[in-house]
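Colleague:
There are 2 protein chains.
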Amino acid sequence: MRPEIVLFGDSITDQSFRHGGWGASLTDIYSRKADIVVRGYGGYNTRWALFLLNHIFPLGSTTPPVATTVFFGANDAALSGRTSERQHVPLEEYKENLRKIVHHLKEFSPTMIIVLITPPPVDEEGRQEYAKSLYGEKAMKLPERTNEVTGTYANGCVEVAKELGVDSINLWSKMQETQGWQKKFLSDGLHLTADGNGVVYEEVVKVLNGAWLSASEMPLDFPHHSQIDPHNPEKAFQQTCL
Amino acid sequence: MRPEIVLFGDSITDQSFRHGGWGASLTDIYSRKADIVVRGYGGYNTRWALFLLNHIFPLGSTTPPVATTVFFGANDAALSGRTSERQHVPLEEYKENLRKIVHHLKEFSPTMIIVLITPPPVDEEGRQEYAKSLYGEKAMKLPERTNEVTGTYANGCVEVAKELGVDSINLWSKMQETQGWQKKFLSDGLHLTADGNGVVYEEVVKVLNGAWLSASEMPLDFPHHSQIDPHNPEKAFQQTCL
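First to last, the protein sequences are chains A and B. According to my numbering, the stretch in the first sequence is residues 70 to 311, in order. According to my numbering, the stretch in the second sequence is residues 70 to 311, in order.
Written as structure tokens, this is what we have:
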């Protein structure tokens, strides 16, 4: 049974198998070592994610994943009173929902590596341009998300991770260390470009390497083809397979 | 339990999650509908693949995949007496091995959609350039694979598919319909470029659509976010989840 790594999150997880996507890159690097399982739900906030927990991570499973990334907050941080209000979740509830998710995952498997990922920064100008491209002059005049408010959710996410002793990636901070992050990492002010996906990929790999899940140190599932004697192939498969 | 689609094959399957990869694109299109499980083994021929069958597709499993792509032949078709001789499998044995794989899969699940994919065409000049880039003047002078011989394996693959009543994709023929296929679809004369991956992706999607596995017609696992009433989220989840 090959170990599983689950990617649980919103659209940024759901879209992680598009060109240059961080989910696809993880699948590639963990080839023949671990299966990457994507559970991304576009538009979802943590409040709605709670409804999925028992279905995606059913307690009592005999084969829980070895690691799970939890990547919500971009929708929770949508502002109340603006066009994406329906997705808004107050900061304290967001933190409490993250706690519930982590508690559930720990109950699911006490040894699972849990990685909380903060929402990425928001490029408000990019969001506005994107809205205009969709709706023209009818586009909202006031931003539906701001970078500052999303930053408070990112901090809240990191706080919860520290409080509960799990790993975290502060994507909001990390991305803003690079000049021009607004266009380099974000395609519409919120979702990720290939470069933005690259940042998530590198940060997730760092965390997994720092645990006991470094792809380069994990064994292949079956013999490397160079280890197979063409005149006696059985031999290479005896140890691992028979 | 989400349906699974297994990609079983050699390096062309193993590398299908790199940029533009056909495995990644399938994962994206089947998002929230089916899990794509990659079982690609670089350098493997069908003779060695047989050793894996009982492990990857253990008879008696209660949750067999709904579909499996079987994509071998590029290594079987390596020429005897040349530098990749160790991977060579005679044509008749290749066909017989494919039959064994199909029989096993049918025993595993009589309803599984089985898609045999032929090896892609070989760009002998591209192979030679690639060998020179690795080994300089020490590179082999005679090709280790030829397009003509690989074509006989492609025909053999299609014949087995017809004989056993399963689907097939003649990638060898399909790719050669496009002018400039040598560089457009192949990166080193054998493995696929992003465009080459695109061809495999399109052909696999066509076959799955023609069966009962069209992604656009499959239901989402959980409610689309627009269907969730923010004031009464329970309601949307009641039918699918509770």
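Virtual Cβ for every residue (Gly too), placed ideally from N, Cα, C. Computed from a prediction, not measured in an experiment: that's the story for all the values here.
Closest to E198 (chain B) by CA distance: which of B:V269, B:S130, B:L259 and B:Y113 is it?
Modeller: Considering only alpha carbons, the answer is B:L259.
Colleague: Can you find at least 3 beta carbon pairs, one from the region 84–102 of chain A and one from the region 259–268 of chain A, that sit closer than 8 angstroms?
Modeller: Judged by Cβ distances under 8 angstroms, the region 84–102 of chain A makes contact with the region 259–268 of chain A, as three or more pairs qualify.
Colleague: Using a C-beta to C-beta distance shorter than 9 angstroms, which residues of chain A count as neighbours of G78 (chain B)?
Modeller: Near G78 (chain B) there are no residues of chain A at all, since even the closest Cβ is about 12 angstroms away, more than 9 angstroms.
Colleague: On the three-state DSSP scale, how would you describe E213 (chain A)?
Modeller: Coil at E213 (chain A), not helix or strand.
Colleague: For the alpha helix (DSSP H) holding L277 (chain B), just list the boundary residues, first then last.
Modeller: Here the alpha helix (DSSP H) through L277 (chain B) covers A263 to G279.
Colleague: How is R108 (chain B) classed by DSSP in three states: helix, strand or coil?
Modeller: Strand, per DSSP.
Colleague: Run down chain B in chain order and give the residues with a C-beta less than 8 angstroms from the C-beta of S170 (chain A).
Modeller: Position check: residue 170 (chain A) holds Ile in this sequence, whereas Ser was assumed. In chain order: nothing, as chain B lies at least about 15 angstroms away.
Colleague: Compute the distance between the beta-carbons of T187 (chain B) and D145 (chain B), then report whether it is under 7 angstroms.
Modeller: No; because the gap between Cβ atoms is not below 7 angstroms, this pair is not in contact.
Colleague: Once the 5 residues before and after R71 (chain B) are set aside, which same chain residues still bring their CB inside 7 angstroms of it?
Modeller: Excluding positions up to five away in sequence, the list reads A103, D104 and D290.
Colleague: Taking the continuous beta strand (DSSP E) assigned at F77 (chain B), which residues delimit it?
Modeller: Start and end: E73 to G78.
Colleague: Anyone know if the C-beta pair for A136 (chain B) and L282 (chain B) falls short of 7 angstroms?
Modeller: Yes, Cβ-Cβ distance for A136 (chain B) and L282 (chain B) is below 7 angstroms.
Colleague: Locate the alpha helix (DSSP H) running through I125 (chain B), then write down its first and last residues.
Modeller: Taken as a continuous stretch (DSSP letters only), the alpha helix (DSSP H) holding I125 (chain B) covers L122 to I125.
Colleague: Under 7 angstroms between the Cβ atoms of W241 (chain A) and G220 (chain A)?
Modeller: Contact flag set, yes.
Colleague: Is F177 (chain A) closer than 7 angstroms to F126 (chain A) when the C-beta atoms are compared?
Modeller: Yes, these two residues count as a Cβ contact at 7 angstroms.
Colleague: May I have the straight-line CA-CA distance separating R168 (chain A) from P133 (chain B), to the nearest angstrom?
Modeller: Distance between the alpha carbons of R168 (chain A) and P133 (chain B) is about 35 angstroms.
Colleague: What does DSSP give as the partner residues of V184 (chain A) in its beta bridges?
Modeller: Its beta-bridge partners are A:T138 and A:D236.
Colleague: If you draw a straight line from the alpha carbon of E165 (chain B) to that of Q248 (chain A), how long is it in whole angstroms?
Modeller: Computed Cα separation, rounded: 58 angstroms.
Colleague: When you compare the CB positions of E213 (chain B) and R151 (chain B), do they come within less than 7 angstroms of one another, or not?
Modeller: Their beta carbons are under 7 angstroms apart, which means E213 (chain B) touches R151 (chain B) by this criterion.
Colleague: Please report how far the alpha carbon of L277 (chain B) lies from the alpha carbon of S256 (chain B), in whole angstroms.
Modeller: The straight-line gap from Cα to Cα measures roughly 27 angstroms.
Colleague: How about P111 (chain A) and S80 (chain A): are their beta carbons less than 7 angstroms apart?
Modeller: Looking at the sequence shown, residue 111 (chain A) is not Pro but Gly. Cβ atoms of G111 (chain A) and S80 (chain A): closer than 7 angstroms.
Colleague: For the region 220–233 of chain A, which residues have a CB atom closer than 9 angstroms to at least one CB atom of chain B, in sequence order?
Modeller: Within the region 220–233 of chain A, no residue has a Cβ that lies closer than 9 angstroms to any Cβ of chain B.
Colleague: Where do the N-terminal and C-terminal ends of the alpha helix (DSSP H) with S94 (chain B) fall, by residue?
Modeller: That run of the alpha helix (DSSP H) goes W91 to I98.
Colleague: Excluding five sequence neighbours on each side, which residues of the same chain lie with their C-beta closer than 6 angstroms to the C-beta of T96 (chain A)?
Modeller: Here the set comprises I105.
Colleague: Using alpha carbons as the reference points, say which of B:Q296, B:K304 and B:P189 lies closest to N216 (chain B).
Modeller: Closest option to N216 (chain B), Cα to Cα, is B:P189.
Colleague: Name the chain A residues that come within less than 8 angstroms of R116 (chain B), Cβ to Cβ?
Modeller: Those are P302, listed as they occur along chain A.
Colleague: Go ahead and pull the three-state DSSP assignment for L289 (chain B).
Modeller: Note: L289 (chain B) maps to coil in three-state DSSP.
Colleague: Check whether chain A comes within 7 angstroms of P299 (chain B), counting only Cβ atoms and requiring the distance to be less than that.
Modeller: Yes, contact with chain A.
Colleague: Taking C-beta pairs closer than 8 angstroms, name the residues in chain A that G90 (chain B) reaches, listed in chain order.
Modeller: Per Cβ cutoff of 8 angstroms: A93 and D97.
Colleague: In or out: L311 (chain A) buried (at least 16 other Cβ within 10 Å) or exposed?
Modeller: With a pLDDT of only 45 at L311 (chain A), under the threshold of 50, the placement of this residue in the model should not be trusted; the figure read from the coordinates follows. Result: exposed.
Colleague: Alpha carbon to alpha carbon, how far is N123 (chain A) from S130 (chain A)? Give it in angstroms, no decimals.
Modeller: Distance between the alpha carbons of S130 (chain A) and N123 (chain A) is about 11 angstroms.
Colleague: Within a Cβ cutoff of 6 angstroms, which residues of the same chain sit near S237 (chain B), ignoring the five residues on either side of it in sequence?
Modeller: Result list for S237 (chain B): L185, V227 and A230, in chain order.
Colleague: When we look at the beta-carbon of Q156 (chain A) and count the other beta-carbons within 10 Å, is it buried (16 or more) or exposed?
Modeller: With 16 or more other Cβ atoms within 10 Å, it is buried.
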